[in-house]
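J.: First the structure, then my questions, so here it is.
Protein chains: 2
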Amino acid sequence: MTKASWLDARQERAWRALQFMQMRLTAHLARDLAAESGLAYQDYVVLVALTDEPEGRLRLFELAEKIGWERSRLSHHVSRMADRGLVTKEKCTSDGRGSFVAVTPLGKKEIEAAAPGHAESVRRLFIDSLTPEQLDAMGDAAQIVLERLSQFDPLPPEQRDDKGSAN
Amino acid sequence: MTKASWLDARQERAWRALQFMQMRLTAHLARDLAAESGLAYQDYVVLVALTDEPEGRLRLFELAEKIGWERSRLSHHVSRMADRGLVTKEKCTSDGRGSFVAVTPLGKKEIEAAAPGHAESVRRLFIDSLTPEQLDAMGDAAQIVLERLSQFDPLPPEQRDDKGSAN
DNA sequence: CTGGAATAGATGACATGTCATCCATGTTTG
DNA sequence: CAAACATGGATGACATGTCATCTATTCCAG
Numbered sequence: 001m002t003k004a005s006w007l008d009a010r011q012e013r014a015w016r017a018l019q020f021m022q023m024r025l026t027a028h029l030a031r032d033l034a035a036e037s038g039l040a041y042q043d044y045v046v047l048v049a050l051t052d053e054p055e056g057r058l059r060l061f062e063l064a065e066k067i068g069w070e071r072s073r074l075s076h077h078v079s080r081m082a083d084r085g086l087v088t089k090e091k092c093t094s095d096g097r098g099s100f101v102a103v104t105p106l107g108k109k110e111i112e113a114a115a116p117g118h119a120e121s122v123r124r125l126f127i128d129s130l131t132p133e134q135l136d137a138m139g140d141a142a143q144i145v146l147e148r149l150s151q152f153d154p155l156p157p158e159q160r161d162d163k164g165s166a167n
Numbered sequence: 168m169t170k171a172s173w174l175d176a177r178q179e180r181a182w183r184a185l186q187f188m189q190m191r192l193t194a195h196l197a198r199d200l201a202a203e204s205g206l207a208y209q210d211y212v213v214l215v216a217l218t219d220e221p222e223g224r225l226r227l228f229e230l231a232e233k234i235g236w237e238r239s240r241l242s243h244h245v246s247r248m249a250d251r252g253l254v255t256k257e258k259c260t261s262d263g264r265g266s267f268v269a270v271t272p273l274g275k276k277e278i279e280a281a282a283p284g285h286a287e288s289v290r291r292l293f294i295d296s297l298t299p300e301q302l303d304a305m306g307d308a309a310q311i312v313l314e315r316l317s318q319f320d321p322l323p324p325e326q327r328d329d330k331g332s333a334n
């Protein structure tokens with residue numbers, strides 16, 4: 001350890017454990033998902049977000065917001081998914097600039113086939129390791145961090161005055 | 168929600184919050200780091216792992232293990248870092264196949280310049296949002312998940328018989 | 001010691017993500 | 001209404017990650 005930062009041992013432990021957990025967990029989940037379906041984890045995220053909508057479709061920017069991706073990443077990825085027939089792009093009539101992404105029947109089929117297995121993986125690899133209390137504690141903590149984070153986030157990357165007074 | 172999986176609402180909430188936290192947090196940290204130093208987050212990880220060692224160097228496979236990366240990813244990335252003069256590769260005398268990666272003075276300088284700012288970001292964006300108890304709880308939980316995970320992990324991706332009896 | 005397996009690492013082809021930029025449309029304001 | 005500006009999205013160049021494969025070495029069984 002020695003350096004690594006100016007976090008104390010405890011903080012450091014927690015921080016590293018979290019990072020490692022995230023890394024390992026997503027690698028594992030992605031592997032399982034790929035093995036049991038033709039979907040990459042990213043495809044899964046997109047498809048869930050879409051099928052989750054009553055219309056089965058969203059404007060690109062809304063979808064990006066919903067899943068927390070950058071616009072351009074989503075644009076690229078949706079194109080690739082469209083090539084594979086998992087989604088389609090539809091022009092938006094009310095706003096000439098925009099488009100919708102919509103799940104196709106194929107996409108729906110794939111996601112429905114993949115979801116139970118994925119959920120099982122999540123349970124097996126993550127949820128089942130923890131008590132409900134621990135899980136809640138993690139969820140609550142994550143929520144809190146997210147809320148704080150959003151106070152910083154919207155700012156254009158410039159005006160951070162660190163030691164400042166606000167918040 | 169409706170579909171999304173076979174997790175109950177609580178589990179789902181926690182799981183999603185964690186994922187989002189991770190995503191936002193690392194994006195933010197990477198942005199801060201890049202703004203304040205010439206380092207990408209990945210560079211930081213590698214350099215910390217190396218400077219953390221008494222010798223300032225590690226075999227590639229050890230480094231990969233330590234930071235949880237795939238070999239090939241590390242190999243590529245170390246090459247790029249070597250091109251930038253942050254690390255060097257040294258032949259291993261005791262094992263003709265292997266090499267060491269070692270921090271260079273430049274790498275050391277950069278990491279030392281970057282570390283305090285990064286630590287500050289971690290504190291500001293993550294640690295300070297939580298009580299010490301919450302932080303510990305997260306760390307402990309992550310540790311537990313990691314340990315369970317390692318029971319699955321070493322298996323070659325094939326022999327998973329899901330509904331099986333083991334564990 | 002020798003032939004086969006395992007290991008360390010490099011490499012190239014390809015998939016994915018990021019960044020800057022561009023275009024078209026929409027929105028605002030004088 | 002027109003000129004400036006903002007927004008949604010696409011795009012191409014480039015950075016990064018993954019996968020399969022290759023080479024060189026080491027290890028191990030006979």
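Protein chains in written order, with this note's numbering: chain X, 1 to 167; chain C, 168 to 334. For glycine and all other residues, C-beta sits at the position ideal for the given N, C-alpha and C. Because the structure is a prediction, the values reported are computed rather than measured.
(1) Could you tell me whether any Cβ in chain X is nearer than 8 Å to the Cβ of Ala-308/C?
(2) Checking contacts by CB at 8 Å: is Phe-187/C closer than that to chain X?
(3) How would you label Ser-150/X, buried or exposed, when you count the other beta carbons within 10 angstroms and need 16 or more for buried?
(4) Are the beta-carbon atoms belonging to Ala-142/X and Leu-33/X less than 8 Å from one another?
(5) Answer with buried or exposed for Gly-274/C, where buried requires no fewer than 16 other C-beta atoms within 10 angstroms of its C-beta.
(6) In terms of residue numbering, what span does the alpha helix (DSSP H) encompassing Phe-293/C cover?
(7) Does Gly-331/C get closer than 8 Å to chain X when you measure Cβ to Cβ?
(8) Is the region 255-268 of chain C close to the region 190-208 of chain C, with three or more CB pairs under 8 Å?
(9) With distances taken from CA atoms, which of His-118/X, Ala-102/X and Asp-136/X is nearest Arg-31/X?
(10) Hey, is Gly-56/X's beta-carbon within less than 8 Å of any beta-carbon in chain C?
(11) Check the C-beta distance from Arg-57/X over to Phe-100/X and give it rounded, since I have them as a contact under 8 Å.
(12) Suppose contacts are defined by Cβ-Cβ distances below 8 Å. Is Ile-144/X in contact with Leu-135/X by that definition?
(13) Would the C-beta of Glu-70/X count as close to the ligand ATP, meaning under 7 Å from any of its heavy atoms?
(14) How is Thr-51/X classed by DSSP in three states: helix, strand or coil?
T.: In this structure, then:
(1) yes
(2) yes
(3) exposed
(4) no
(5) buried
(6) Taken as a continuous stretch (DSSP letters only), Phe-293/C belongs to no alpha helix (DSSP H), as it is neither H nor E.
(7) Reliability of the predicted coordinates at Gly-331/C is poor, the pLDDT of 34 falling under 50, and the value obtained from them is presented with this limitation in mind. Not closer than 8 Å to any Cβ of chain X, the Cβ of Gly-331/C fails to qualify, so no.
(8) Flag = no, the region 255-268 of chain C and the region 190-208 of chain C do not touch.
(9) His-118/X
(10) no
(11) 5 Å
(12) no
(13) In the structure shown, the ligand ATP is absent, as is every other ligand, since no ligand is present at all.
(14) Residue state for Thr-51/X is assigned as helix, using DSSP reduced to three classes.
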